[in-house]
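Quick note on our numbering: the sequence shown kicks off at 817 and runs consecutively.
Backbone N, C-alpha and C fix where the C-beta goes; we use that ideal spot for every residue, glycine too.
What you are looking at is a predicted structure, and each value in this text was computed from that prediction instead of being measured.
A short worksheet on the structure shown next.
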Amino acid sequence: MTTLTSASGILALLDEHQPDLQVYALQSLNTVVGEFWAEISDSVAKIEILYEDPEFSQRQLAALVASKVYYYLGELDDSLTFALGAGQYFDLSEKSEYIETIISKCIDRYIALKTDQAETGEGEIDPRLQDVVERMFQRCSDDKEYEQAIGIALESRRLDIVKTMIERGSPKKLLPYVLEVCMTLVQNLEFRNQVLRLLVSLYHDLQEPDYISISQCLVHLNDASACTDMLKNLIEKGEELMAYQIAFDLEENATQDFLLRVSKNLPQAESEKPQDGDDSMEITSKDEPFTKIRSILSGEESIRLHLEFLYRNNHADLLILKNTKNVLESRNSIYHSAVTFANAFMHSGTTSDEFLRQNLEWLSRATNWSKFSATAALGVIHKGQLKQSMSLLQPYLPSGNPGSSAYSEGGSLYALGLINANHGSGVLEYLTNALRENQNDVIQHGACLGLGVAGMATANAEIYDQLKNTLYNDSAVAGEAAGLAMGLVMLGTASEQAIEEMLQYAHETQHEKIIRGLAVGMSLIMYGKEEQADALIDQLLDDKDPVLRYGGIYTIAMAYSGTENNKAIRRLLHVAVSDVNDDVRRAAVTALGFILLRNPKQVPRIVQLLAESYNPNVRYGSALALGISCAGTGDLDALELLEPLTRDPVDFVRQGALISQAMILVQQTESTNPKVASVRKLYEKIISDKHEDPMAKFGAVLGQGIIDAGGRNVTISLVSRSGHANMPAIVGMAVFTQFWYWYPLTHMLSLAFTPTAVIGLNKNLDIPKFEFISNAKPSLFAYPAPIKPPSAAVVEKVATAVLSTTAKTKARAKKSEKEKGDQMDVDKEPTKEEKKEESTSKEEKKPKKKEENFEVLENMARVVPAQFKHISFKEDSRYAPLRKDNAGGIIMLLDKRPGEEEDLIQPSAPSGDAAAGEREEEEAPPFEPFHYEA
């Protein structure tokens, strides 16, 4: 071990003018810096002089020693500067804390410089820094640490390195990793698109191209023409099943505008071309796959299948609704609306209006806007019945009849939009005409909302202009809906003209309702645009009008939804604690839920302190942020934070907590989550408590509807099965949060409901019968048991009061009798009580039947998200899934025995071919549209 004396002697050699001695001193110092850095630090200036001497041959060695000394002094910037000067002496393969720290510092500086260079186009990078980073990439490659190298390459925007590492490693393993990292960590939109372009080419170059992943990349890139080409190539190669699977994935993840562009570029059928019989047959069979793809892209197929699934598996418990309705005073409009919304959510997409038909007298008590919401609820219940939507709503649609209710007519137009949500091509013209021809504010309000939700993301100029004309009439009621609908129609387009027109009118009008509609509408136009929205965000957040600042917050939420962008999160947290307006602060905290969609575990930690804020609006925002980000996850940390908020002294905070609990617990069971039973009981307790505030009761009733949504067959998922941000769900949730100001917008939550099923299809898009296995106990993911109706009243004897002295006397007597009985040979018939006790003890001893560890499920069965990892397909089954990721949803099936006749599941859901009164009656009563007299 070198002693301090010898280290001091070595330092003395630095003053010598003999190069050999100085080199020896530096070599010796290099080995003892860590031990004696405090003493050596005084001589760092001498070492720097040697480094700066151009005639000294070991300048790099001097730089390395100086770097180490500065490292131990804590001067990391100086240490890095000298490390770069050390050249090859800076050995990246050395495993030491010094090397790892300086490499980390090196990479951080390199990433910062490369980012600045990419954004400004200016600045040069020190070649020595470049050399260290290149050597580090080589080290990663040699050590087969490809993922680490790819992570650094993505941060420093080095596409060449990303490509090299994928090719050197295992492309099949690394490509999905890069896609996931690209979508979750790469925060610059332009560079992300460059990475996606690279991934498309690499996925194509695989021995077996991964077309499903390619389609995901093309959706993110908004490249409809490339999608069309891929579908054409698959059909030409005879891979129809893969083409159909991709079409279903596109329909789930892409916008209406994108799907229309793909569909329009597909080859059109030539059925009218005059040819002989054989040729026309040939053309028909050639065109058939494209006809099916167009049908899938239009949404008809997936909607038909989901409608069938929800209809068959409806497990909504009408007794819950009945009990809630009986407890609440129906003449109070807030309670009437609450039960209306709960029923709509509970039966969303099931077509079951049984509760409404059973309670026509109760329904008829709805007045004004309650009647509007009650009629609009039909849109949620019959969601997806695209072909039947007009006939279902015919009794309520505007007819010019002077005796009809404007509220009912307006609600029916809104319902028409909800039935055709995000698939409105068949009703947009009718709704546009209804908006043009009716001058009543309420009817226009319903028509605007219907147009917005049915024409979502179509960027239809004609509809936009009609909505703009309605806005310019300056009616508070119609104008609010028009502003919101303009945003929905231009969703995600970042249209400068639309933003300019809406912002200008927001500054001109005096109606706060219109400003609010426009503020939220503008945020929707910037959906998914990330940094492109920054200029508008800055403009809105600097506005003196708090409603426009509120719109600025929602613009952050929509532009950066699901990105986990640090800049956006910091900005929201700053506004949450600094803005002078409570609405803006509440919105800022709520928006955190949208930004962190993909990382719900992080949200409880971020909002923990905000949930304890002195400001009730901030606490409410915290509750909603937890519900939005953790929806359907059953996250216990989030539920723990919400629990005290359900006892909050402020009524609307309790309301927010109760709604969020339901969002988190949707499709959770008592076996998978211990909180389910207590939350359901809490809802019942609050609803039946006469002293509870109406706002909290509203939250509890809504919670009952959400937790059992879609007949207990849907979840709330703002991220799709393939990992995309689920645009209709995110937008529906964002508009739903506006129910704070306007209750009818509550129905928008239905856009976030996602059916949870495994639906297998054959090449003809029929539903064959087949079985698959859930490798978990059936009780783990079973439907909740229906609540039991109250038993007939039984007159019970009132318990007689017993004094403590009497009890003690009886106990002593019983004890003495027992002792006597033990001493005698008892040879008598046991009493009735003894027999009963004996039989009870025998029953207890009788072992319960052991539950199986698996369950056999059939096609179209409910499979909740947590259950997918337990699903497997039988090896001896006739059918096998085309995709191997067990993501569920609609899956194409490979038929291993194509020559045999197939056993198909026949549709039972109401279809456009059968009249409403002629529906087949199965186990449940027939579902028909309800009618009530105005």
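- With contact defined as three or more Cβ pairs closer than 8 Å, the segment 1214 to 1225 and the segment 1234 to 1244 are not in contact.
- Taking a 10 Å sphere around the C-beta of residue 1039, we find 16 or more other C-beta atoms and assign the residue as buried.
- Nearest to residue 1236 by C-alpha distance, out of 1249, 1261 and 1268, is 1268.
- Contact check for residue 1336 against residue 1554 passes: the beta carbons are separated by less than 8 Å.
- Taking C-alpha positions only, residue 942 is separated from residue 926 by approximately 9 Å.
- Collapsing the DSSP output to three states places residue 1396 in coil.
- Within the same chain, 973 come within 6 Å of residue 934 by CB-CB distance, once the 5 residues on both sides are set aside.
- Comparing alpha-carbon positions, the option among 1601, 1533, 1683 and 1606 lying closest to residue 1593 turns out to be 1683.
- By the CB criterion at 8 Å, residue 1125 and residue 1573 fall inside the cutoff.
- The alpha-carbon of residue 1484 is positioned some 10 Å away from that of residue 1681.
- Fewer than three Cβ pairs drawn from the segment 1586 to 1601 and the segment 1178 to 1186 lie within less than 8 Å of each other, which leaves the two stretches out of contact.
- In the DSSP annotation of this structure, residue 1541 is not part of any beta strand (DSSP E), being labelled neither H nor E.
- Below 8 Å, too few C-beta pairs join the segment 1427 to 1441 and the segment 1515 to 1526 to call them touching: fewer than three.
- Taking the Cα of residue 1289 as reference, the smallest distance to any Cα among 1275, 1362, 1261 and 1303 is reached at 1261.
- Taking residue 1144 as the centre and dropping the five residues before and after it, the same chain places the C-beta of 1151 closer than 6 Å to its C-beta, in chain order.
- If only complete runs of 4 or more residues are kept, the segment 1337 to 1373 shows the alpha helix (DSSP H) at 1350 to 1357, in order along the chain.
- When the five nearest sequence neighbours on each side are left out, the beta carbons in the same chain lying within less than 6 Å of the beta carbon of residue 1403 are those of 1366 and 1369, in order along the chain.
- Annotated three-state conformation of residue 1375 is helix, per DSSP.
- The residues 1416, 1419, 1454 and 1480, in chain order, have a CB closer than 7 Å to that of residue 1446 in the same chain once the five nearest residues on each side in sequence are set aside.
- Under the 8 Å Cβ criterion, the segment 986 to 1005 does not count as touching the segment 947 to 958, having fewer than three qualifying pairs.
- Counted as a single uninterrupted DSSP element, the stretch harbouring residue 1039 is not any alpha helix (DSSP H), since DSSP gives it neither H nor E.
- In the three-state DSSP reduction, residue 1678 falls in the strand class (E or B).
- Excluding five sequence positions before and after residue 1271, the CB atoms of its chain that fall closer than 6 Å to its own CB belong to 1240, 1244, 1279 and 1305, given in chain order.
- Assignment of beta-bridge partners to residue 1011 by DSSP yields no partner.
- Within the same chain, 1069 come within 6 Å of residue 1540 by CB-CB distance, once the 5 residues on both sides are set aside.
- Nearest in C-alpha terms to residue 1509, of all of 1536, 1330 and 1469, is 1469.
- Straight-line measurement puts the Cα of residue 1556 at about 24 Å from the Cα of residue 1422.
- In this structure, residue 1112 keeps its C-beta atom at 8 Å or more from the C-beta atom of residue 1074.
- When secondary structure is reduced to three states using DSSP, residue 1586 falls in the coil class, being assigned neither helix nor strand.
- Here the segment 1496 to 1507 does not lie against the segment 1394 to 1411, with fewer than 3 beta-carbon pairs under 8 Å apart.
- For residue 1108 against residue 1581, the beta-carbon gap comes to about 6 Å, under 8 Å, which counts as contact.
- With fewer than three CB-CB distances shorter than 8 Å, the segment 1336 to 1350 does not count as touching the segment 954 to 968.
- Burial of residue 1031 is indicated by the presence of at least 16 other C-beta atoms within 10 angstroms of its C-beta.
- Between residue 1266 and residue 1229, the CB-CB gap stays under 8 Å.
- Of the residues assessed, residue 825 falls on the exposed side of the cut-off, its CB having fewer than 16 other CB atoms within 10 angstroms.
- Ranked by how close their Cα comes to the Cα of residue 1175, the residues 1161, 1167 and 1190 have 1190 in first place.
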